[in-house]
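In the numbering used here, the protein residues as written are 1 to 268.
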């Protein structure tokens with residue numbers, strides 16, 4: 001027991017949270033978890049869809065910035081974390097069959113097979129530390145909530161079988177800090193970068209901010225402006241729209257915590 005405790009003490013914070021997730025000790029949303037470490041979206045597909053999806057993310061880098069692709073049949077990471085297990089190291093998953101959500105498990109070992117390929121995509125949770133360091137409030141972190149996410153009327157660039165709407169995450173920013181927030185997040189193109197839309201949500205097909213398609217309702221204070229970033233949940237909306245035979249993703253807001261540092265994603 002003493003040896004085990006010492007081993008845990010020597011772990012990175014990212015490794016500690018993954019161990020807690022694997023052991024069922026943590027099942028919540030991950031915004032603000034393991035400060036300093038980048039987080040990632042997950043997409044798992046049968047091999048027959050892998051090339052089409054690579055083409056899709058190449059054509060849609062804002063919502064789908066690629067961090068890693070696993071070997072066919074392997075659930076283990078090599079680049080974003082040392083041999084983490086994508087079947088167990090995410091707090092909650094979603095399983096889609098023919099475009100329909102059929103399960104939301106906390107472990108996908110029973111679904112895994114040797115024909116699957118996993119993709120890890122950048123996540124906007126990874127630039128939130130930079131906003132906080134600059135004195136820009138992140139309302140959902142303050143309230144310990146999940147970020148609100150919305151399906152828009154903006155269409156992604158199709159590729160093969162994949163086509164569908166862009167999903168955005170929203171953060172309400174004090175009006176006098178919107179330009180600052182835009183400039184800060186523009187430094188992080190590998191985790192969605194600058195906003196895709198500011199204000200006037202109805203122009204992108206969002207008519208009720210209090211009813212997000214994913215995540216929790218927003219907290220919007222006086223003089224806040226809604227600011228929208230491309231979101232890695234986009235493949236889930238695309239899976240529904242494209243009626244993909246089989247797809248596994250993270251549950252929105254329940255991300256994979258990598259061993260990469262947030263600051264390493266800044267271009268300047």
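Every residue gets a Cβ at the ideal spot worked out from N, C-alpha and C, and that includes glycine.
In this text, all values refer to a predicted model and were calculated from it rather than measured experimentally.
Using a Cβ distance threshold of 8 angstroms, residue 40 and residue 249 do not count as a contacting pair. Taken through DSSP and simplified to helix, strand or coil, residue 248 comes out as strand. In this structure, residue 191 lies near residue 265, with their beta-carbon atoms less than 8 angstroms apart. Comparing alpha-carbon positions, the option among 72, 131 and 102 lying closest to residue 262 turns out to be 131. Under the three-pair Cβ rule at 8 angstroms, the segment 122-131 counts as touching the segment 178-187. In the same chain as residue 105, and ignoring 5 residues on each side of it, the C-beta atoms closer than 6 angstroms to its own belong to 93, in chain order. Secondary structure at residue 41: strand, using DSSP grouped into helix, strand and coil.
Within the DSSP bridge table, the entry for residue 151 names 167 as partners.
Along the segment 13-61, the alpha helix (DSSP H) occurs as fully enclosed runs of 4 or more residues at 13-22 and 50-59, listed in sequence order. The three-state reading of DSSP puts residue 207 in coil, since its state is none of H, G, I, E or B.
For residue 89, the CB contacts under 6 angstroms within the same chain, skipping 5 residues up- and downstream, are 18, 21 and 22 in chain order.
Spatial neighbours of residue 217 in its own chain (CB-CB distance under 6 angstroms, excluding positions within 5 residues in sequence) are listed in chain order as 210. Looking from the CA of residue 123, the closest CA among 157, 239, 58 and 31 belongs to 31. In the structure shown, residue 84 adopts coil according to DSSP, grouped into three states. Within the same chain, Cβ atoms closer than 6 angstroms to the Cβ of residue 199 are found at 225, the five residues on either side in sequence being excluded.
Non-local C-beta neighbours of residue 177 in its own chain, meaning closer than 6 angstroms and more than five positions away in sequence, comprise 136, ordered along the chain.
As computed with DSSP, residue 224 is found in a beta bridge with 174. Residue 58 sits exposed, since fewer than 16 C-beta atoms from the chains shown fall within 10 Å of its C-beta. Between residue 214 and residue 149, the C-beta gap is smaller than 8 angstroms, which places the two residues in contact. In terms of Cβ geometry, residue 206 and residue 156 do not form a close pair [threshold 8 angstroms]. Fully contained in the segment 177-202 are the following alpha helix (DSSP H) runs of length 4 or more, in chain order: 178-185. Residue 112 carries a coil assignment under DSSP once its states are collapsed to helix, strand and coil. In this model, residue 109 and residue 144 are separated by some 29 angstroms (Cα to Cα). Distance from the CA of residue 38 to the CA of residue 13, rounded to the nearest whole angstrom, comes to 11 angstroms.
The residue among 82, 66, 119 and 85 with its C-alpha nearest the C-alpha of residue 47 is 119. The three-state secondary structure of residue 267, taken from DSSP, is coil. Contact between residue 43 and residue 53 is confirmed by a C-beta separation of about 7 angstroms, below the 8 angstroms threshold. In this structure, the straight-line span from the alpha carbon of residue 68 to that of residue 103 is close to 25 angstroms.
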